[in-house]
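Numbered according to my numbering, the sequence shown terminates at residue 257, and the numbering increases by one at each position without gaps.
The structure appears below as C-alpha cells.
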Amino acid sequence: ITFLNITAFRDFPLKDMPMLKVLELTSKNVFVPLTIGGGIRDYKDKDGRHWSALEVAAEYFRSGADKISIGSDAVLIVEDVLKTGQVAGMNSIGQIARVYGNQAVVISIDPRRVYVETPDAVNHHVIETTIPGPGGEHYCWYQCTIKGGREGREVDAVTLAKVCEQLGAGEILLNCIDRDGTNAGFDLELINAVKNAVSIPVIASSGAGNVAHFQEVFTRTEADAALAAGIFHRQEVSIGEVKKYLQDKVEIRPV
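Below you can see the structure in the form of C-alpha cells.
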C-alpha cells in the first residue's frame, strides 16, 4: 500500500499530523508493506531548525512506514550528479539507504511524453513509439517532473532511474502523467524502457482501468508489480477480482 502526499512540497511535511496519524493507524491494522512519499528532503522549519531528509524519513518510519518514496528531491539530486559527474556524496537517497537499507528507498518518477521528430533531436533517452504524437511524430522521450507534475525538468525517466539505482535506491515507482486518470491502461513503452535500464524492481503505475490492463502489463513488460488507485477507490473493481482474473494467466500470490 502506498500513500503519496502530492502537496507536501508546499510546506514542512511533519506539520501534517493527520497524515502521520493515518500512517500510524494503518500500520497497526494492515499487515502488508506500507510506503509513504511526499516532501522527503532537507527543510528549515518556521522556528529556524534545520531538518535533514534523513530525519524526515525517520519520522515516517517511526509512524509505521516500511518504505519511503522520494520524488522531486530525487530529480534535483540526479541533476546535480549529471552536472558534477560525481555519484558519491551526501544526498538523501544514499543517506537513507545507508541507515534503513536500499529496500526501504523507493524513487517515485512522474514523467510525461515529449515528442520529437528524430531520435537524435535531444540529448535524452529517446524511444520509437507506436503511439504517434500530435504532429505524427514517431519518437519521444519521457521528461521527469517535480512538484506533483507541475514543473518539467531536463532529465529523462530512464536516466533518472539508472542514476538513482547507483545512488542506493532499491525500487522504482513508475508513474505516467499522460495516463494518470485515463483508465486507458499502463504506458507499456515507458515501463519497458525503464525496466530494461535497471536491475531493481519496477512498479508500474497510472492508467489501470480494468482487470485486463493488469494482465497486459505483466505479460507485455517485465514489471515486478502494478499499482492502481482510482478503480479501487471508486470500487469499480476489487483487488480480489483482479487477482482472481490473473490467477490462471500470470504467477501471483494466492487469492
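From the three backbone atoms N, C-alpha and C, an ideal C-beta is built for every residue, glycine too.
Q. First and last residue of the alpha helix (DSSP H) that includes I277?
A. Nothing about residue 277 can be read from this structure; the chain reaches only from 3 to 257.
(Q) What does the Cβ neighbour count give for N7, buried or exposed, with the cut at 16 atoms within 10 Å? (A) buried
Q.
Just to confirm, is the Cβ distance from P121 to Y141 under 9 angstroms?
A. yes
Q | Touch test, the segment 191 to 199 against the segment 121 to 131, Cβ-Cβ under 8 angstroms, three pairs minimum | A | yes
Q: Look up D75 in the DSSP assignment and say whether it is helix, strand or coil.
A: helix
Q) Closest to T147 by CA distance: which of N31, K48, P113, S207 is it? A) P113
Q) Taking contact to mean at least 3 C-beta pairs separated by less than 8 angstroms, is the segment 26 to 33 in contact with the segment 82 to 102? A) no
Q. Do I70 and V101 have their CB atoms nearer than 9 angstroms?
A. no
Q) Is the beta carbon of K245 sitting closer than 9 angstroms to the one on F220? A) no
(Q) Measuring only the C-alpha atoms, how far is R222 from L190? (A) 7 angstroms
Q | Supposed close pair L229, A206 - CB separation, criterion 8 angstroms | A | 7 angstroms
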